[in-house]
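First up is the structure itself, then whatever we jot down about it.
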Amino acid sequence: MRRLETGNDLPQLGQYVRIRQGRDAGSIALIVAFENERFILLADGHKRPSDAPKKKNINHVEILSAVSPEVQRSLKETGRVTNGKLRHAIATLDQAIQKRVEEGSAIGNGKRGCY
Numbered sequence: 628m629r630r631l632e633t634g635n636d637l638p639q640l641g642q643y644v645r646i647r648q649g650r651d652a653g654s655i656a657l658i659v660a661f662e663n664e665r666f667i668l669l670a671d672g673h674k675r676p677s678d679a680p681k682k683k684n685i686n687h688v689e690i691l692s693a694v695s696p697e698v699q700r701s702l703k704e705t706g707r708v709t710n711g712k713l714r715h716a717i718a719t720l721d722q723a724i725q726k727r728v729e730e731g732s733a734i735g736n737g738k739r740g741c742y
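Using this note's numbering, you'd call the opening residue of the sequence shown number 628 and step up by one each time.
Put into structure tokens, the structure is as follows:
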């Protein structure tokens, strides 16, 4: 998993997003295709498999700074990605977030108070 450089606001294939609107609000997915400048296609390997991605308005998702290089490479080389690879990428992100929370670096470095 790698992070994007600051200043690059354009979404990329294989980039993680958090869904903000709709029945899947709060869940994590990956960008598997672009419909146009307004819509992206998302898949997570569970509820939304790669062969039936969810069309989502780009304004209804929070684009995260991390990109899955395995998913990105697969999409660029073959135009497809397996559901197992999507599930693995999301599990890897979940583990990284959990590790940061345990270390206290994800939320205010373990300090209490308003930020």
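Where is the CB? At the ideal position from N, CA and C, for every residue including glycine. Note that the coordinates shown come from a computational prediction; the quantities given were computed from them, not determined experimentally.
DSSP places Ser654 in the coil class of the three-state scheme, outside both helix and strand.
A straight line joining the alpha-carbon of Gly706 with that of Glu662 spans about 14 Å. Beta-bridge analysis with DSSP links Val688 to Ile646. Here DSSP, grouped into helix, strand and coil, assigns Leu637 to coil. Contact check for Val708 and Ser701: beta-carbon distance about 5 Å, within the 8 Å limit, so the pair qualifies. Cα atoms of Asn684 and Gln642: separation of roughly 15 Å, rounded to the nearest angstrom. In the structure shown, the three-state DSSP call for Ala718 is helix. One Cα belongs to Gly653, the other to Val688, and the distance between them is close to 9 Å. Between Ile690 and Asp671, the C-beta gap is not smaller than 8 Å, which leaves the two residues out of contact. Put simply, of Lys703, Arg645 and Ile646 the residue whose alpha carbon is nearest the alpha carbon of Val659 is Lys703. Membership of Ala670 in the beta strand (DSSP E) is indicated by the continuous run Phe666 to Ala670. A residue is called buried when at least 16 other Cβ atoms come within 10 angstroms of its Cβ; Asp651 meets this threshold and is buried.
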